[in-house]
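Start counting the sequence shown at 218; every next residue gets the next number (the numbering used here).
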Amino acid sequence: MLERAGCKNTEAMNADFLTTDPQDPRFSKVTHILLDPSCSGSGIINRLDYLLEPEEETDDSQEERLIKLSAFQLMMIRHAMKFPSVQKIVYSTCSIHATENENVVQQALSSAEAQTGPFTLASPHEVLPTWRRRGLPEMLANPADAAALVRCSPGEDATNGFFVSCFVRCDNSGGPGAPEHKNVQETPMKRKNPEGDGDNASKEPGNKRKKRKKKSGNE
218 MLERAGCKNT EAMNADFLTT DPQDPRFSKV THILLDPSCS GSGIINRLDY LLEPEEETDD
278 SQEERLIKLS AFQLMMIRHA MKFPSVQKIV YSTCSIHATE NENVVQQALS SAEAQTGPFT
338 LASPHEVLPT WRRRGLPEML ANPADAAALV RCSPGEDATN GFFVSCFVRC DNSGGPGAPE
398 HKNVQETPMK RKNPEGDGDN ASKEPGNKRK KRKKKSGNE
């Protein structure tokens, strides 16, 4: 996959992500993190897992498994937010369950790491804007955040079930990934004044009028 994407400056590491030190010089300058942690895989169609399991899972055992998975997934996101230079964190699953998707995102946004970052969700137009299916509003504290989340439904989108979210570090002005604002004092004379008041707004037109009067008097 990396080769197809044209990535050449990569290094494979066989290590536990949760044990990596964000302040380690090898990782302290990392700006982008892609998290695709273990999940239930409930969105993958035509799975053969049932051939390996002698008994079907009960609803209680499935719910317990989802809770454990979501706790692990949340730990991954919170750890990723501790990297000092990270600007974007993509969190994805091949699950259709809100427990692993919207619920995890909501808890991540409410975490101490997100407040310290500070981190928020990327704007909808930055996250696959042409894809129509979005997150579940009823699962989020702010229903509008659902527009920033992407869902794929196996039965309706002709795809496997999938979920994608993108956390971004806010800039100094409080906006996600917005460019730095220029100091308005650097170029104060270039700003047009619609009211026509002020010294610079009246000097040039007045001089031109005087010149036109002198010219007409000479004629």
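Every residue, glycine too, gets a C-beta built ideally from N, C-alpha and C. Just so it is clear, the structure is predicted and the values come from calculations on it, not from any experiment.
Where LYS285 falls: helix, strand or coil (DSSP): Three-state DSSP puts LYS285 in a helix.
THR347, enclosing alpha helix (DSSP H) - first and last residue: Counting along the chain, no alpha helix (DSSP H) covers THR347, and no H or E run does either.
For ARG295, three-class secondary structure by DSSP: Correct three-state label for ARG295: helix.
Local conformation of HIS314 per DSSP, three classes: It is coil, neither helix nor strand.
Simplified DSSP assignment, three categories, for PHE244: Note: PHE244 maps to coil in three-state DSSP.
Reference SER370, options ASP276, LEU345, ILE261, MET218, closest by Cα: Out of ASP276, LEU345, ILE261, MET218, ILE261 has the C-alpha closest to the C-alpha of SER370.
Three-state class that DSSP yields for SER309 in the structure shown: Looking at SER309 - three-state DSSP - the assignment turns out to be strand.
Sequence-distant residues of the same chain with beta carbon closer than 6 angstroms to HIS296, five excluded per side: Excluding residues within five positions, the ones whose Cβ falls inside 6 angstroms are LEU235.
Cβ-based neighbour list, ASP253, same chain, cut-off 6 angstroms, excluding 5 preceding and 5 following: Correct list, in chain order: SER309.
Three-state secondary structure (DSSP) of LEU219: In the displayed model, LEU219 falls within coil according to three-state DSSP, outside both helix and strand.
For ILE250: DSSP bridge partner residues: In DSSP, ILE250 forms a bridge with ILE306.
Outcome for CYS256 when other beta-carbon atoms lying within 10 angstroms are tallied against a minimum of 16: Classification of CYS256: buried, given that the 10 Å Cβ count is 16 or more.
Closest by C-alpha distance to GLN240, when choosing among SER287, PRO301, PHE289: Per the Cα distances, PRO301.
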